[in-house]
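Asks: Residue numbers (my numbering), protein chains in the order written: chain A, 1 to 412; chain B, 413 to 824. We treat Cβ as the ideally placed atom computed from N, Cα and C, and that holds for glycine. Here the structure is a predicted model, which is why all the values come from computation and not from measurement. Have a look at the structure that comes next, please.
There are 2 protein chains.
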Amino acid sequence: MPNVTPAADSHTMTPIDGGITAPEGFTSAAVHCGIKAKPGVLDLAVLASNALASVAGIFTTNLAQAAPVLVSKRHLDMTRGIGRAIVVNSGCANACTGDEGLANAARMASEVAADLGCEPSQVLVASTGVIGVGLKMDRVVSGIRQASSSLARGHGGEAARAIMTTDPFPKDGAVRVATASGAYTIGGMAKGSGMIEPNMATMIGFLTTDAQVPPALLRRALRESARDTFNAITVDGECSTNDSLFAMASGASGVAVTDDLYPGFLDGMLAVSRHLALGIVRGGEGATRVIAVTVRDAQTVDAARQVARTIANSPLVKTAVHGADPNWGRIVAAAGRAGVAFDIDRLTVTVGGVLLFDHGLPHDDAAPQAAEAFARDTVDVELSLGAGDASATIWGCDLSAEYVRINGEYRT
Amino acid sequence: MPNVTPAADSHTMTPIDGGITAPEGFTSAAVHCGIKAKPGVLDLAVLASNALASVAGIFTTNLAQAAPVLVSKRHLDMTRGIGRAIVVNSGCANACTGDEGLANAARMASEVAADLGCEPSQVLVASTGVIGVGLKMDRVVSGIRQASSSLARGHGGEAARAIMTTDPFPKDGAVRVATASGAYTIGGMAKGSGMIEPNMATMIGFLTTDAQVPPALLRRALRESARDTFNAITVDGECSTNDSLFAMASGASGVAVTDDLYPGFLDGMLAVSRHLALGIVRGGEGATRVIAVTVRDAQTVDAARQVARTIANSPLVKTAVHGADPNWGRIVAAAGRAGVAFDIDRLTVTVGGVLLFDHGLPHDDAAPQAAEAFARDTVDVELSLGAGDASATIWGCDLSAEYVRINGEYRT
């Protein structure tokens with residue numbers, strides 16, 4: 001992962017190798033248990049803390065919440081943020097599956113708990129895959145048994161592969177944060193959009209740390225870091241039934257994150273989250289380019305975010321970027337329909353630093369440089385609304401015929 | 413156009429041949445004046461009433477409103493809904509063009525007014541095409557001169573072709589409404605999404621009638637008929653800088669639309685508008701299927717419309733319909749993220765009359781019939797929210813690789 005500039009306080013941050021098991025105190029295992037048809041493809045993983053850890057979760061806002069989401073939320077409520085493990089499967093979302101689905105998600109937790117010798121409520125659950133299909137529980141249970149018996153520190157990379165669906169590459173990473181009170185590690189992994197079978201763009205993410213962080217502070221750090229990373233990306237504007245983001249803090253480094261050390265901890269969470277979130281966008285279904293939309297000089301951060309999100313989700317902007325077509329009129333039109341009031345005569349648009357629209361008037365002479373800016377791996381779109389001093393960035397990707405192919409092919 | 417069932421009052425309605433010049437008192441002309449590069453392709457049209465007519469307009473809600481929209485709104489304000497003509501060009505949107513664009517749009521009106529011998533404010537203006545490019549006014553003025561001198565009743569079909577861009581077919585139609593007080597005609601034409609160069613999905617529509625309708629009543633009928641027709645369709649969820657819908661009432665039939673006759677008049681406006689609006693969807697960029705989403709048993713009509721619109725705009729639903737994939741989980745997930753509160757355990761989903769999701773549980777045995785329902789020319793999606801008794805329908809189309817090709821090809 002890329003180098004990260006340390007914040008202005010006393011910590012320094014260094015990217016290191018590894019993912020969820022880079023921090024002390026965690027083991028994981030990944031297996032193929034037959035949820036996915038193709039032999040040998042990993043489809044179930046367990047992430048475990050050696051001892052009770054602080055845990056936190058953020059979940060989809062969709063009204064149709066999958067059974068694993070409902071079970072994980074209940075367990076977090078019951079334990080007030082203390083847990084031992086997370087079990088996750090790919091290949092089946094266990095969503096829209098009624099009472100039987102809820103019982104199956106609860107059983108996944110209790111089977112892991114039995115193996116680890118903890119309470120079922122100390123295990124969280126995640127699933128990703130086709131909606132409306134039930135889990136084959138005999139396979140899931142035998143997979144859990146196999147995974148629980150092979151938990152090891154070195155298996156983090158396999159876990160990152162076990163949660164993949166049509167993701168073109170695994171997404172994991174870690175940073176080491178050094179402070180005056182000692183050093184600790186933050187690791188993570190995530191999956192993005194797509195399924196072997198066409199399906200929801202389902203985001204699932206895991207963050208681990210060996211810092212000692214009380215549950216309430218871990219929740220706060222997870223919420224604050226997600227806001228500008230996992231919650232600032234979009235592949236197709238869809239919000240799935242299963243979106244889940246988890247954090248676990250083992251405390252094994254012996255470094256206690258107090259208010260003093262919180263800025264450094266948040267920095268580390270942000271760095272790992274940004275790396276994973278950008279990996280999701282880069283590996284979005286059919287994506288060939290990343291679009292980074294920054295809106296400045298808005299009245300509020302929410303307004304900036306709403307305009308940026310409307311542009312990043314616009315099919316006409318996404319297809320223009322796919323075709324490297326410097327069609328800036330679509331950016332102006334998307335901004336104008338975002339539901340945020342601003343004066344179009346004060347609007348300025350640059351792409352890749354090239355000024356294309358300046359206070360209501362086009363800069364047509366800039367078209368050749370703009371075409372070059374639209375053809376980059378990451379297309380930087382910047383708008384100034386001239387209405388205030390708030391800003392926000394949303395990351396998206398282009399819309400390609402491959403997206404249509406992945407999601408339109410008949411399921412047989 | 414299809415036969416229309418008359419409402420329960422004293423009028424009868426019959427589809428007839430023709431478009432905007434089917435009603436008495438209107439002439440039109442269409443010319444190629446060189447806004448579009450390809451020789452002979454019609455790119456400018458004038459629609460004129462023989463005498464002063466009631467006129468009304470509905471325009472885009474985009475903050476970035478094109479010059480012709482601003483000029484037409486100003487003219488409607490000045491005249492309080494009295495006018496003689498509408499001039500429209502394709503090939504250039506005259507949007508994001510600043511003061512010069514405003515002057516050009518105003519000049520289009522004044523040139524037509526000079527030819528017809530009326531006030532410039534009695535002429536409305538519409539443009540569709542690339543954003544941020546100025547009109548070549550010498551060509552436009554010579555086109556107006558040529559059109560004004562060839563106005564005739566028989567040129568309605570040419571006008572419907574002159575406003576086309578990538579529309580695969582022209583969209584026009586008319587109905588004859590017979591009442592106890594006499595008969596009158598309503599005609600119309602519209603253009604949909606796409607451009608010869610890739611560009612905004614720009615909707616422009618025109619309705620004409622020889623009924624005698626005061627401006628305020630014409631505005632009301634236009635607003636009410638658009639709500640469930642032109643404002644109930646979506647190709648890609650984009651709202652352009654140029655969207656405009658006009659109505660003109662010449663009164664030449666001698667039938668005065670009073671409160672008594674209003675239901676029949678609204679029926680006629682709805683019939684022509686629905687025909688044109690469905691034509692826009694059917695001819696949407698890259699569209700191969702129409703998706704009709706009806707949401708019933710919602711708390712309010714707005715709530716029903718919002719859920720239906722979210723489903724009709726969902727890229728995952730649109731790609732599933734494109735691939736004839738009965739992936740109903742995507743419909744449930746889109747409904748769940750629509751921002752409307754309802755109980756997922758009371759949600760029912762049918763496609764083509766096949767029950768797929770019933771009070772929170774899947775009906776997987778229905779998959780084969782559902783696949784057949786997803787493969788029809790029009791895919792009927794119906795949801796019951798179980799929350800009230802309001803309902804609404806939104807018409808959309810599938811998302812194909814052809815949409816990406818049309819909108820992603822590099823402009824050279």
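On the criterion of 16 or more Cβ atoms from any shown chain inside 10 Å, does His-322(A) qualify as buried, or is it exposed?
Replies: Here residue 322(A) is taken as the residue at index 322 of the first sequence, counted from 1. By the neighbour-count rule (16 or more Cβ atoms within 10 Å), His-322(A) is buried.
Asks: Mind checking the stretch 740–753 of chain B against chain A and listing, in chain order, the residues whose C-beta falls within less than 8 Å of any C-beta there?
Replies: Trp-740, Gly-741, Arg-742, Val-744, Ala-745, Ala-746, Ala-747, Gly-748, Arg-749, Ala-753
Asks: Beta carbon of Arg-282(A), beta carbon of Ser-384(A): below 8 Å?
Replies: Taking the first sequence and counting its residues from 1, one reaches residue 282(A) at position 282. Taking the first sequence and counting its residues from 1, one reaches residue 384(A) at position 384. For Arg-282(A) and Ser-384(A), no; Cβs fall outside 8 Å.
Asks: So, does the CB of Arg-405(A) fall closer than 8 Å to a CB anywhere in chain B?
Replies: Reading the first sequence from its first residue, position 405 is the one you call residue 405(A). At a cut-off of 8 Å between beta-carbon atoms, Arg-405(A) makes contact with chain B.
Asks: Does the contact criterion of 3 or more C-beta pairs under 8 Å hold for the stretch 421–436 of chain B versus the stretch 466–477 of chain B?
Replies: no
Asks: From which residue to which residue does the beta strand (DSSP E) around Phe-658(B) run?
Replies: Position 246 of the second sequence, counted from the first residue, corresponds to residue 658(B). Residues 656–661.
Asks: 8 Å is my cut-off, CB to CB: does Thr-241(A) come that close to chain B?
Replies: Taking the first residue of the first sequence as 1, we reach residue 241(A) at position 241. Closer than 8 Å to some Cβ of chain B, the Cβ of Thr-241(A) qualifies, so yes.
Asks: Would you say Leu-773(B) reaches chain A, if we count a Cβ-Cβ gap shorter than 8 Å as a contact?
Replies: Stepping through the second sequence from its first residue, residue 773(B) is reached at position 361. Nearest CB-CB separation between Leu-773(B) and chain A: below the 8 Å threshold.
Asks: Would you verify that the beta carbon of Val-443(B) is, or is not, closer than 8 Å to some beta carbon of chain A?
Replies: Sequence index remark: in the second sequence, residue 443(B) carries index 31 (1-based). No, its Cβ sits nowhere closer than 8 Å to a Cβ of chain A.
Asks: Where does the unbroken alpha helix (DSSP H) through Asn-516(B) begin, and where does it stop?
Replies: Here the question's residue 516(B) lines up with position 104 in the second sequence. Annotation: the continuous alpha helix (DSSP H) that includes Asn-516(B) extends over 510–528.
Asks: Measuring only between beta-carbons, confirm whether Phe-642(B) sits less than 8 Å from chain A.
Replies: Along the second sequence, one-based indexing puts residue 642(B) at 230. No, because no Cβ of chain A sits closer than 8 Å to the Cβ of Phe-642(B).
Asks: Using a Cβ cut-off of 8 Å, which residues of the stretch 89–108 of chain A contact any Cβ in chain B, in chain order?
Replies: Ala-93, Ala-95, Cys-96, Thr-97, Gly-98
Asks: Rounded C-beta distance between Val-587(B) and Pro-427(B)? I'm assuming under 8 Å.
Replies: Within the second sequence, residue 587(B) is the residue found at index 175, counting from 1. Within the second sequence, residue 427(B) is the residue found at index 15, counting from 1. At roughly 5 Å, the Cβ-Cβ gap stays under 8 Å, so Val-587(B) and Pro-427(B) are in contact.
Asks: Thinking C-alpha only, which one of Ala-704(B), Pro-727(B), Val-729(B) is nearest Arg-717(B)?
Replies: Sequence index remark: in the second sequence, residue 717(B) carries index 305 (1-based). When each option's Cα is compared against that of Arg-717(B), the closest is Ala-704(B).
Asks: Can you tell me the Cα-Cα spacing of Leu-70(A) and His-155(A), whole angstroms?
Replies: Your numbering for residue 70(A) matches position 70 in the first sequence. Your numbering for residue 155(A) matches position 155 in the first sequence. Looking at the backbone, the Cα of Leu-70(A) and that of His-155(A) are separated by about 28 Å.
Asks: Could you tell me the alpha carbon to alpha carbon distance between Met-195(A) and Ala-782(B), rounded to whole angstroms?
Replies: As a first step, residue 195(A) is located in the first sequence; it is residue number 195 there, counting from the start. As a first step, residue 782(B) is located in the second sequence; it is residue number 370 there, counting from the start. Its pLDDT being 34, under 50, Met-195(A) is placed unreliably in this model, and the coordinates cannot settle the point.
Asks: Of all the options Thr-621(B), Asn-654(B), Gly-741(B), which has the alpha carbon lying nearest to the alpha carbon of Ser-365(B)?
Replies: With chain B covering 413 to 824 only, the question about residue 365(B) has no answer from this structure.
Asks: CA-CA distance, Gln-558(B) and Gly-599(B)?
Replies: Within the second sequence, numbered from 1, the residue matching residue 558(B) stands at position 146. Within the second sequence, numbered from 1, the residue matching residue 599(B) stands at position 187. Each residue's Cα considered, the two are about 24 Å apart.
Asks: Kindly say whether Met-544(B), judged by its beta-carbon, lies nearer than 8 Å to any beta-carbon of chain A.
Replies: In the second sequence, residue 544(B) corresponds to position 132, counting from 1. It is worth fixing the name first, because residue 544(B) is Gly in this sequence and not Met. Gly-544(B) counts as touching chain A.
Asks: Determine the DSSP secondary structure at Gly-268(A), reduced to helix, strand or coil.
Replies: As a working mapping, residue 268(A) is identified with position 268 in the first sequence. In this structure, Gly-268(A) counts as helix in the three-state DSSP scheme.
Asks: How is Met-164(A) classed by DSSP in three states: helix, strand or coil?
Replies: In the first sequence, residue 164(A) corresponds to position 164, counting from 1. DSSP places Met-164(A) in coil when its eight states are reduced to three.
Asks: Take Ala-644(B) and list the residues in its own chain whose beta-carbon comes closer than 8 Å to its own, dropping the five residues that flank it on each side.
Replies: Taking the first residue of the second sequence as position 1, residue 644(B) is located at position 232. Within the same chain, Ala-644(B) has close Cβ partners Ala-689, Arg-717, Ala-804, Thr-805, Ile-806, Trp-807.
Asks: Just the Cα atoms here: how many angstroms apart are Gln-299(A) and Ala-778(B)?
Replies: The count along the first sequence starts at 1 and reaches residue 299(A) at position 299. The count along the second sequence starts at 1 and reaches residue 778(B) at position 366. If you take the alpha carbons of Gln-299(A) and Ala-778(B), they lie about 51 Å apart.
Asks: Within 8 Å (strictly less), CB to CB, does Asn-50(A) reach chain B?
Replies: Start at 1 with the first residue of the first sequence, and residue 50(A) comes out as number 50. With 8 Å as the cut-off, Asn-50(A) does not count as an interface residue toward chain B.
Asks: Would you kindly report the start and end of the unbroken beta strand (DSSP E) that includes Gly-469(B)?
Replies: As a working mapping, residue 469(B) is identified with position 57 in the second sequence. First-last of the beta strand (DSSP E) with Gly-469(B): 456–471.
Asks: In its own chain, which residues sit with a C-beta less than 7 Å from the C-beta of Gly-143(A), not counting the 5 before and 5 after it?
Replies: Locating residue 143(A) in the first sequence gives position 143, counting from the first residue. Hits under 7 Å: Val-31, Cys-33, Leu-44.
Asks: Using alpha carbons as the reference points, say which of Gly-386(A), Gly-91(A), Ile-58(A) lies closest to His-75(A).
Replies: Along the first sequence, one-based indexing puts residue 75(A) at 75. It is Ile-58(A) whose Cα lies nearest to the Cα of His-75(A).
Asks: What residues from chain A crowd round Thr-731(B), counting only those whose CB sits closer than 7 Å?
Replies: Mapped onto the second sequence, residue 731(B) falls at position 319. Within 7 Å Cβ-Cβ: Val-404, Asn-407, Gly-408.
Asks: Beta carbon of Val-825(B), beta carbon of Arg-749(B): below 8 Å?
Replies: Residue 825(B) cannot be examined here, being either before or after the span of chain B that is shown, 413 to 824.
Asks: Could one say the Cβ of Phe-677(B) lies closer than 8 Å to chain A's Cβ atoms, at least one of them?
Replies: Taking the first residue of the second sequence as position 1, residue 677(B) is located at position 265. No, Phe-677(B) does not count as interfacial toward chain A.
Asks: For chain B, check one thing: does any of its Cβ atoms lie closer than 8 Å to the Cβ of Asp-377(A)?
Replies: Position 377 of the first sequence holds residue 377(A). Taking Cβ atoms only, chain B never reaches closer than 8 Å to Asp-377(A), which makes this a no.
Asks: Per DSSP, what kind of secondary structure is Ile-16(A) in: helix, strand or coil?
Replies: Counting from one through the first sequence, the residue named residue 16(A) turns up at place 16. If DSSP states are grouped into helix, strand and coil, Ile-16(A) belongs with the strands.
Asks: Residues in its own chain within less than 6 Å of Lys-171(A) by CB, not counting five upstream and five downstream?
Replies: Taking the first sequence and counting its residues from 1, the one referred to as residue 171(A) is at position 171. If we look at Lys-171(A) and ignore the five residues flanking it on each side, its Cβ neighbours are Ala-190, Leu-276, Gly-279.
Asks: State yes or no: is the beta carbon of His-567(B) nearer than 8 Å to at least one beta carbon in chain A?
Replies: Taking the second sequence and counting its residues from 1, one reaches residue 567(B) at position 155. Not closer than 8 Å to any Cβ of chain A, the Cβ of His-567(B) fails to qualify, so no.
Asks: Just the chain A side, please: which residues come within less than 7 Å of Ser-812(B) by C-beta, in chain order?
Replies: Translated into positions along the second sequence, residue 812(B) becomes position 400. Result: Val-404.
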